[in-house]
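In this note's numbering, the protein residues as written are 133 to 322.
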């Protein structure tokens, strides 16, 4: 089956909000994420503001006329945000690395594919497309340590884990993209 990727740079993505919500539910309302459907609704509400962020980029993957996956990203603002999981990221990196490595970089916020599309390379294509024109190659993302599958996926795509929660710990980790100039400076786990 042929998959078409479509890039969006602003509010025109909102015409697909219902389909994006459905993909979000399929991707995140099952283990290991186990989110409830209200989180998918919250995602759509955030999306209305996110499409207006500087550097906003989204990519959808269409198979058989339906959206099978998507990725959203934007330029991380200064000062570094303090909502959602940002404080954990900043604490893990420290203020100097947070400012130098993340502010002004392309931040991937969501990457979701329907279960039927997993293992097909679709997520990799979406991630590459949403970060392809990252400023100076600087791209980053957060993910949870509760998904070893997600952690392994990002490593296989050449992303470098830059924060390291305690073994068996909970929380989020920062990954730097494969062309991020600070990749070699990221601390290795103990």
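Every residue gets a Cβ at the ideal spot worked out from N, C-alpha and C, and that includes glycine.
Q: Could you give the DSSP three-state label for residue 158: helix, strand or coil?
A: In the chain shown, the residue the question calls residue 158 occupies position 26. Helix.
Q | Enclosing beta strand (DSSP E) for residue 304 [first to last residue] | A | Counting from one through the chain shown, the residue named residue 304 turns up at place 172. That run of the beta strand (DSSP E) goes 304-308.
(Q) Is it buried or exposed, residue 292, if we count other Cβ atoms within 10 angstroms and call 16 or more buried? (A) Here residue 292 corresponds to residue number 160 of the chain shown, with the count starting at 1. By the 10 Å Cβ count, residue 292 comes out buried.
Q.
Using only the alpha-carbon positions, how far apart do residue 210 and residue 186 sit?
A. On the chain shown, position 78 is the one that residue 210 refers to. On the chain shown, position 54 is the one that residue 186 refers to. Rounded to the nearest angstrom, the two C-alpha atoms are 11 Å apart.
Q: Grab me the residues of residue 267's own chain with a C-beta within less than 6 Å of its C-beta, minus the 5 sequence neighbours each way, in chain order.
A: Counting from one through the chain shown, the residue named residue 267 turns up at place 135. Excluding sequence neighbours, residue 267 sits near nothing in its chain.
(Q) So residue 305 and residue 263 are supposed to be a Cβ contact under 8 Å. How far apart are they, rounded? (A) Start at 1 with the first residue of the chain shown, and residue 305 comes out as number 173. Start at 1 with the first residue of the chain shown, and residue 263 comes out as number 131. 17 Å between Cβ atoms; not a contact.
Q | Nearest-angstrom Cβ-Cβ length linking residue 272 and residue 237, presumed shorter than 8 Å | A | Within the chain shown, the letter at position 140 stands for residue 272. Within the chain shown, the letter at position 105 stands for residue 237. Rounded, the Cβ-Cβ distance is 5 Å, consistent with contact.
Q.
Using 8 Å as the cut-off, can you tell me whether the region 140-153 makes contact with the region 212-231, which would need three or more C-beta pairs spanning the two stretches below that distance?
A. no
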